[in-house]
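Following our numbering, the numbering of the sequence shown begins with 700 at its first residue and continues without gaps.
Below you'll find the structure, written out as structure tokens, and then a few comments.
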Amino acid sequence: YNSFVDYVHQASGAAFQQDGNGGKQKEWLTDEILDLVDKKAKAFLDWQNFRGTTLESKYKKSYHLLRNLAKKKIEARQVEYWDELSIEVENAIKQHDPATA
Numbered sequence: 700y701n702s703f704v705d706y707v708h709q710a711s712g713a714a715f716q717q718d719g720n721g722g723k724q725k726e727w728l729t730d731e732i733l734d735l736v737d738k739k740a741k742a743f744l745d746w747q748n749f750r751g752t753t754l755e756s757k758y759k760k761s762y763h764l765l766r767n768l769a770k771k772k773i774e775a776r777q778v779e780y781w782d783e784l785s786i787e788v789e790n791a792i793k794q795h796d797p798a799t800a
């Protein structure tokens, strides 16, 4: 039994390789947005690490710029994604609707 379980784990690992993080991502999420969010997170940590120093305003401004940019890109991509999806649904309805044939 144990050898069978090991074989199944190996075969499934080879056939169904995961992307690393193992979590499910939103379909509209792109690599560009993920990179921007990572930069934003790093900028936030930098801002928090330099609180109370003369460099705080520099890091705060950097974080706020990245936060606003990430928010705009995410909102734009979500609108684009939902528009694409609605067009696909409308085309599928038209294609399979006998009244419009």
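Yeah, the Cβ is synthetic: ideal placement off N, Cα and C, and Gly gets one too.
Using a Cβ cut-off of 9 Å (strictly closer), state whether residue i contacts chain D.
{"i": "TYR700", "result": "As a matter of chain content, chain D is missing from the structure shown, which is built from one protein chain."}
Ignore the nearest five residues each way along the sequence and tell me which others in residue i's own chain have a CB closer than 8 Å to its CB.
{"i": "TRP814", "result": "Coverage of the chain is limited to positions 700 through 800, which leaves residue 814 absent and any answer about it impossible."}
Taking buried to mean at least 16 other C-beta atoms within 10 Å of its own C-beta, is residue i buried or exposed?
{"i": "SER785", "result": "exposed"}
{"i": "LYS739", "result": "buried"}
DSSP three-state label for residue i, please.
{"i": "GLN777", "result": "helix"}
{"i": "ARG766", "result": "helix"}
{"i": "GLU755", "result": "helix"}
{"i": "GLU731", "result": "helix"}
{"i": "GLN724", "result": "coil"}
Hey, would you say residue i sits closer than 9 Å to residue j, going by beta carbons?
{"i": "ARG766", "j": "TRP727", "result": "no"}
Below 6 Å CB to CB, which residues in the same chain sit around residue i once its five sequence neighbours on both sides are set aside?
{"i": "ALA742", "result": "SER761, TYR762, LEU765"}
With a threshold of 7 Å on Cβ separation, who are the neighbours of residue i within its own chain once the five nearest residues in sequence on each side are excluded?
{"i": "VAL704", "result": "none"}
Practice task
Indicate whether the contact test is met: 3 or more Cβ pairs, each with one atom in the region 731-749 and one in the region 702-713, closer than 8 Å.
Solution key: no
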